[in-house]
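Chemist: Can you keep this structure in mind? I'll have questions shortly.
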Amino acid sequence: MKIGKAIVSVVAILFRILICLFLILMIYRMAFKAYDFGYRVFAEPAVSEGKGTDVVVEIPIGSSASDIGKILKDAGLIKDDMLFTAQELLSEYHGKLEPGTYSLNTSMTSEEMMAAMCPDTEESTEEDS
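The following block contains the structure:
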């Protein structure tokens, strides 16, 4: 009887240790992904370096930042539409992107694309110069 109780106790302890290790691993993986996403919000490079490729995209009236992100991702201008949405939310262009047809380049960063899709900011920058 004592051996049976000892075996059950050892198995229970091992099970708890495995659960703790699993939870630690999951927390580590989630923290790594969160850090990576947060870093990329502010430091995401362009899809291609150098000259890049010009792509014409049409942003329909009433498009949200999420919709625009999907359009840009489908056009091959960005890698992650959720990242674009977060970048737009934290940028000076939040809520200022306008519908229209734009010629964008794969060598442009998300912020440069937002500047191109926000004519008011582009004009005021030119006037300030």
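Counting from 20, one number per residue, gives the positions in the sequence shown under this note's numbering.
For each residue, glycine too, the CB sits at the ideal point set by N, CA and C.
1) According to DSSP, which residues form a beta bridge with Y54?
2) Mind checking E77: buried by the 16 CB within 10 Å criterion, or exposed?
3) State the DSSP-derived secondary structure class of E131, mapped to helix, strand or coil.
4) Mapping DSSP to helix, strand and coil, what is I36?
5) Cutting at 8 Å between CB atoms, please list the residues of its own chain near V60, excluding the five before and the five after it.
6) Can you give me the C-alpha to C-alpha distance between E111 and I38, rounded to a whole angstrom?
7) Helix or strand or just coil, what does DSSP make of S122?
8) Are A2 and S126 close, meaning C-beta to C-beta below 7 Å?
9) Nearest-angstrom Cα distance between G23 and L33?
10) Since E77 sits in a beta bridge, which residues does DSSP pair it with?
11) What separation, rounded to the nearest whole angstrom, lies between the Cα atoms of M136 and Y47?
12) Suppose you measure from the CA of P138 to the CA of K52; what does that come to, to the nearest Å?
Modeler: For this structure:
1) For this step, residue 54 is matched to residue 35 along the sequence shown. The partner list for Y54 (beta bridge, DSSP) is empty, contrary to what the question assumes.
2) Position 58 of the sequence shown, counting from 1, holds the residue named residue 77. Exposed, because fewer than 16 other Cβ atoms sit within 10 Å of the Cβ of E77.
3) Residue numbering aside, residue 131 sits at position 112 when the sequence shown is read from its first letter. Correct three-state label for E131: helix.
4) For the purposes of this step, residue 36 is taken as the residue at position 17 of the sequence shown. In this structure, I36 counts as helix in the three-state DSSP scheme.
5) The residue given as residue 60 occupies position 41 in the sequence shown. Closer than 8 Å at Cβ, skipping near neighbours: L102, A105, Q106 and L109.
6) Taking the first residue of the sequence shown as position 1, residue 111 is located at position 92. Taking the first residue of the sequence shown as position 1, residue 38 is located at position 19. Their backbone Cα atoms lie some 44 Å apart in a straight line.
7) Taking the first residue of the sequence shown as position 1, residue 122 is located at position 103. Residue state, collapsed to three classes: strand.
8) It is not possible to answer for residue 2, since the shown part of the chain is limited to 20 through 148.
9) Translated into the one-based positions of the sequence shown, residue 23 becomes position 4. Translated into the one-based positions of the sequence shown, residue 33 becomes position 14. For G23 and L33, the distance between alpha carbons rounds to 15 Å.
10) As a position in the sequence shown, residue 77 is number 58, starting the count at 1. Its beta-bridge partners are T120.
11) What you label residue 136 is simply residue 117 of the sequence shown in a count that begins at 1. What you label residue 47 is simply residue 28 of the sequence shown in a count that begins at 1. Approximately 38 Å between the Cα atoms of the pair.
12) As a working mapping, residue 138 is identified with position 119 in the sequence shown. As a working mapping, residue 52 is identified with position 33 in the sequence shown. Using only the alpha carbons, I get a separation of about 34 Å.
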